[in-house]
Amino acid sequence: MAAAAAPGIETTQALRRDGEFALDRALLYDLADMAFAAAKRGGASYADIRIGETLREYAFARDERLENYDERSAQGFGLRVLLDGSWGFYGARRLDRESVLAGVERALDNARAVKPIQARPIALERLPAHEAEWVMPMAVDPFAIPPGEKADLLLAVNARARDRGADFCTASLSIAREERFFANSFGSRILQTRTRVAPDFQAVAIDRASGRFATRANLTPARGAGWEYIVGAGLVEEAGRAGEEARAKLAAKPVTSGDYDVVIDPTNLWLTIHETVGHSTELDRVLGWEANFAGTSFVKPDMLGQLRFGSELMTIVADRSQPGALSTIGFDDDGAPAQAAEFAIVEKGVLKNFQMALGQAHLIGLAHSNGCAYADSPTTFPIQRMPNISLKANPQKCALDDLVNGVENGIYVVGAGSWSIDQQRDNFQFGGQLFYEIKNGKIGELLRDGAYQGRTTQFWNSLDGLCDASAYHLDGTFTCGKAEPVQLAPVSHGSPPALFRNVRVLNTNDA
Numbered sequence: 001m002a003a004a005a006a007p008g009i010e011t012t013q014a015l016r017r018d019g020e021f022a023l024d025r026a027l028l029y030d031l032a033d034m035a036f037a038a039a040k041r042g043g044a045s046y047a048d049i050r051i052g053e054t055l056r057e058y059a060f061a062r063d064e065r066l067e068n069y070d071e072r073s074a075q076g077f078g079l080r081v082l083l084d085g086s087w088g089f090y091g092a093r094r095l096d097r098e099s100v101l102a103g104v105e106r107a108l109d110n111a112r113a114v115k116p117i118q119a120r121p122i123a124l125e126r127l128p129a130h131e132a133e134w135v136m137p138m139a140v141d142p143f144a145i146p147p148g149e150k151a152d153l154l155l156a157v158n159a160r161a162r163d164r165g166a167d168f169c170t171a172s173l174s175i176a177r178e179e180r181f182f183a184n185s186f187g188s189r190i191l192q193t194r195t196r197v198a199p200d201f202q203a204v205a206i207d208r209a210s211g212r213f214a215t216r217a218n219l220t221p222a223r224g225a226g227w228e229y230i231v232g233a234g235l236v237e238e239a240g241r242a243g244e245e246a247r248a249k250l251a252a253k254p255v256t257s258g259d260y261d262v263v264i265d266p267t268n269l270w271l272t273i274h275e276t277v278g279h280s281t282e283l284d285r286v287l288g289w290e291a292n293f294a295g296t297s298f299v300k301p302d303m304l305g306q307l308r309f310g311s312e313l314m315t316i317v318a319d320r321s322q323p324g325a326l327s328t329i330g331f332d333d334d335g336a337p338a339q340a341a342e343f344a345i346v347e348k349g350v351l352k353n354f355q356m357a358l359g360q361a362h363l364i365g366l367a368h369s370n371g372c373a374y375a376d377s378p379t380t381f382p383i384q385r386m387p388n389i390s391l392k393a394n395p396q397k398c399a400l401d402d403l404v405n406g407v408e409n410g411i412y413v414v415g416a417g418s419w420s421i422d423q424q425r426d427n428f429q430f431g432g433q434l435f436y437e438i439k440n441g442k443i444g445e446l447l448r449d450g451a452y453q454g455r456t457t458q459f460w461n462s463l464d465g466l467c468d469a470s471a472y473h474l475d476g477t478f479t480c481g482k483a484e485p486v487q488l489a490p491v492s493h494g495s496p497p498a499l500f501r502n503v504r505v506l507n508t509n510d511a
């Protein structure tokens with residue numbers, strides 16, 4: 001602690017161990033107060049600071065070998081100032097008084113450099129001040145589990161898949177923990193810790209006579225959780241099914257291209273929600289500020305309250321409160337509480353809200369942002385990122401059999417696969433892990449080589465059925481990419497199985 005406070009000395013200890021922050025809270029507060037006083041002297045109307053560490057662990061096994069095991073941590077701070085309506089930012093891996101004070105001057109210089117090209121001044125609403133600590137609940141710290149136990153699990157996954165029909169299998173495990181202190185010149189002082197785990201595997205079966213191959217990746221999603229989730233996820237058992245299903249896909253009947261009624265499982269629909277709704281309603285994309293990773297958006301600010309995004313069955317909600325969800329947290333990286341991110345993006349088919357970070361709302365005539373900021377490191381600038389974004393379930397009782405019962409000629413899609421979407425988040429194509437024929441209200445035989453296409457609003461307006469909450473499932477990704485330099489964000493999307501009418505389905509092997 002004394003070393004961290006001394007000029008020119010780099011902090012090397014973790015910020016949190018055994019449930020306690022290693023850096024004294026008074027020291028963190030002192031660094032923040034010092035930074036804000038310097039920013040005010042330099043003319044800034046607002047300043048905030050993030051101090052923290054991200055711990056990561058990654059293990060990868062191929063067949064009978066553990067090929068990679070990596071542990072790393074990254075510490076540092078990021079300082080943001082608002083000077084004459086322009087943002088200035090500076091981040092560094094060092095954490096001491098000298099570096100923080102130097103960071104204030106660099107951030108102020110950066111704001112001055114931006115001002116000549118600032119088309120419209122940034123205006124901030126005044127967020128309430130919060131003094132709080134939030135720690136994600138979990139039963140077993142995954143970082144405390146010995147590497148050998150993790151390796152044994154991955155090798156067992158590979159072995160089971162190969163025992164049940166796969167020729168090859170790879171498996172991996174990603175673990176991350178973010179430990180953050182946030183403070184701003186409005187008076188907020190917030191400490192937060194969250195942990196997430198992501199298991200993955202892919203089984204591959206080969207027809208050696210023809211040279212064709214088929215894959216089946218895992219359907220177990222990433223979670224904001226501890227090791228107890230990994231233990232209870234049934235990965236080895238699922239790997240056995242994956243080996244069988246990869247082998248079965250080689251002998252399956254090819255999909256016949258055409259228009260079908262399509263029932264989409266939550267394990268596949270989450271990615272469609274993410275790409276067509278999540279990214280298209282990010283305000284920075286809508287305004288043209290952000291175009292990295294598949295462009296801007298077909299949605300425009302004047303469509304708010306007007307655009308018929310989907311059928312009346314479509315209600316898409318944002319939150320930061322679902323247990324186990326990857327974007328669940330007490331406060332976003334602007335210091336907005338989780339309650340700010342409780343809103344409908346689409347309500348009964350009508351566009352109702354954009355996702356916004358601090359300083360964006362006034363650009364479309366609104367008074368407040370809505371808790372949608374995230375920085376993937378303390379040393380990166382917080383940008384608008386998705387909270388959890390989910391499709392609400394049918395309030396009326398409806399099981400999967402009931403949903404399928406209304407389909408005479410259709411396809412049931414399970415598991416996320418390949419995806420492609422245009423630069424406006426409009427035209428898209430999504431693959432899947434498993435495709436099943438639906439005939440006369442019954443799910444039938446396995447199909448192969450399928451993908452479905454559509455245009456975003458046309459597709460969502462074809463939504464004609466939803467299962468109830470008993471079939472709701474939460475999926476998501478560790479690594480949603482955005483911005484340049486790229487930042488990776490974790491986000492979850494929940495939904496029940498859903499029925500879409502007259503969807504174009506392709507055979508991906510057709511010329």
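For the sequence shown, position 419 matches number 419 in full-length UniProt numbering, and the numbering has no gaps at all.
Ideal Cβ positions, reconstructed from N, Cα and C, are used throughout, including at glycine.
Quick one: residues in its chain with C-beta nearer than 8 Å to the C-beta of residue i, no 5 flanking neighbours on either side, listed in chain order?
i: Met303; result: Leu351
i: Leu502; result: It should be noted that the sequence gives Asn, not Leu, for residue 502. Correct list, in chain order: Asp259, Tyr260, Asp261 and Ser462.
i: Ala151; result: Ala59, Ala61, Leu66 and Tyr69
i: Thr276; result: Ile421, Arg425, Phe428, Thr456, Phe459 and Trp460
i: Leu108; result: Ala39, Gly42, Gly43, Ala44, Val81, Leu83 and Gly88
i: residue 517; result: No information on residue 517 is available, as it lies outside the stretch 1 to 511 that the chain covers here.
Exposed or buried, what is residue i when buried is set at 16 or more other beta-carbons lying within 10 Å of its beta-carbon?
i: Ile117; result: exposed
i: Lys482; result: buried
i: Glu437; result: buried
i: Asn440; result: exposed
i: Asp163; result: exposed
i: Ala32; result: buried
i: Arg320; result: buried
i: Gly224; result: buried
i: Gln433; result: buried
i: residue 515; result: There is no way to answer for residue 515, as the model of the chain reaches only from 1 to 511.
i: Gln306; result: exposed
i: Gln487; result: buried
i: Gly310; result: buried
i: Ser210; result: exposed
i: residue 518; result: The chain is shown from 1 up to 511; residue 518 falls before or after that span and cannot be answered.
i: Lys392; result: buried
i: Glu484; result: exposed
i: Arg50; result: buried
i: Arg448; result: buried
i: Arg119; result: It should be pointed out that residue 119 corresponds to Ala in this sequence rather than to Arg. By the 10 Å Cβ count, Ala119 comes out exposed.
i: Gly324; result: buried
i: Glu282; result: buried
i: Val505; result: buried
i: Gly454; result: buried
Once you ignore the five residues that flank residue i on each side, which residues in its own chain have a CB closer than 6 Å to its CB?
i: Val491; result: Leu326, Ser327, Met386, Gly476 and Cys480
i: Ile364; result: Pro301
i: Arg160; result: Val236, Ala239 and Gly240
i: Thr12; result: Reliability of the predicted coordinates at Thr12 is poor, the pLDDT of 33 falling under 50, and no value is obtained from them.
i: Trp227; result: Val140, Pro142 and Ile145
i: His473; result: Pro266
i: Glu290; result: Asp284
Report the CB separation of residue i from residue j in whole angstroms; it is logged as a contact under 8 Å.
i: Phe435; j: Val255; result: 6 Å
i: Gln423; j: Gly295; result: 3 Å
i: Thr379; j: Arg189; result: Thr379 to Arg189, Cβ: 20 Å. No contact.
i: Val413; j: Tyr374; result: In fact, because the Cβ distance is near 30 Å, the residues do not count as touching under 8 Å.
i: Met34; j: Val135; result: Going by Cβ atoms, the distance from Met34 to Val135 rounds to 26 Å, so no, they are not a contact pair.
With a CB to CB cut of under 7 Å and the five nearest residues on each side skipped, what residues in its chain are close to residue i?
i: Ala248; result: Leu446
i: Gly187; result: Ala129
i: Pro7; result: No answer about Pro7 holds up, because its pLDDT of 27 lies below 50 and its placement is not dependable.
i: Ala471; result: Ala399, Leu400, Pro496 and Pro497
i: Arg17; result: Interpretation of Arg17 is limited by its pLDDT of 45, a score under 50 that renders its predicted location unreliable; the figure taken from the coordinates is listed afterwards. Counting only Cβ-Cβ distances below 7 Å, and skipping sequence neighbours, we find nothing.
Would the C-beta of residue i count as close to the ligand HEM, meaning under 7 Å from any of its heavy atoms?
i: Ala74; result: The ligand HEM is absent from the structure shown, which contains no ligand whatsoever.
Query raised in the report: Contact between the region 57-72 and the region 347-366: three or more CB pairs below 8 Å?
Result: Result no; under three Cβ-Cβ pairs closer than 8 Å.
**Report entry** Three CB pairs or more closer than 8 Å across the region 319-333 and the region 178-194
**Finding:** Contact between the region 319-333 and the region 178-194 is present, with at least three C-beta pairs closer than 8 Å.
Query raised in the report: Do the region 364-379 and the region 334-343 touch if we need at least three Cβ pairs shorter than 8 Å?
Result: yes
Report task. Please specify which runs of the alpha helix (DSSP H), each continuous and at least 4 residues long, are wholly inside the region 239-274, giving them in chain order. Result -> 266-272
Requested in this report: Indicate whether the contact test is met: 3 or more Cβ pairs, each with one atom in the region 40-56 and one in the region 72-79, closer than 8 Å.
Outcome: Counting C-beta pairs closer than 8 Å gives three or more between the region 40-56 and the region 72-79, which meets the contact rule.
Query raised in the report: Should the region 412-428 be called in touch with the region 235-244, which here means at least 3 C-beta pairs below 8 Å?
Result: no
Report task. Take every Cβ of the region 204-220, pair it with every Cβ of the region 114-130, and state whether three or more of those distances are shorter than 8 Å. Result -> no
**Report entry** Complete alpha helix (DSSP H) runs within the region 396-434 (minimum length 4 residues, chain order)
**Finding:** 400-405
Query raised in the report: Looking at C-beta atoms only, is the number of pairs between the region 99-118 and the region 134-152 that lie closer than 8 Å three or more?
Result: Taking a cut-off of 8 Å on C-beta distances, the region 99-118 does not touch the region 134-152, as fewer than three cross pairs fall below it.
Query raised in the report: Which ranges does the alpha helix (DSSP H) cover as unbroken runs of at least 4 residues, wholly within the region 354-397, from first to last along the chain?
Result: Every candidate alpha helix (DSSP H) stretch fails here, since none sits fully inside the region 354-397 while reaching 4 residues.
Query raised in the report: Which runs of the beta strand (DSSP E) spanning at least 3 residues fall entirely within the region 440-510, listed in chain order?
Result: If we require 3 residues or more, the beta strand (DSSP E) runs fully inside the region 440-510 come out as 442-448, 450-455, 463-466, 473-482, 487-495 and 498-507.
Query - Every unbroken beta strand (DSSP E) inside the UniProt domain "Metalloprotease TldD/E N-terminal" (47-111) [3 residues or more] - result: 65-83 and 86-92
Requested in this report: Go through the region 114-160 residue by residue and report every complete run of the beta strand (DSSP E) that reaches 3 residues or more, in order.
Outcome: 131-135
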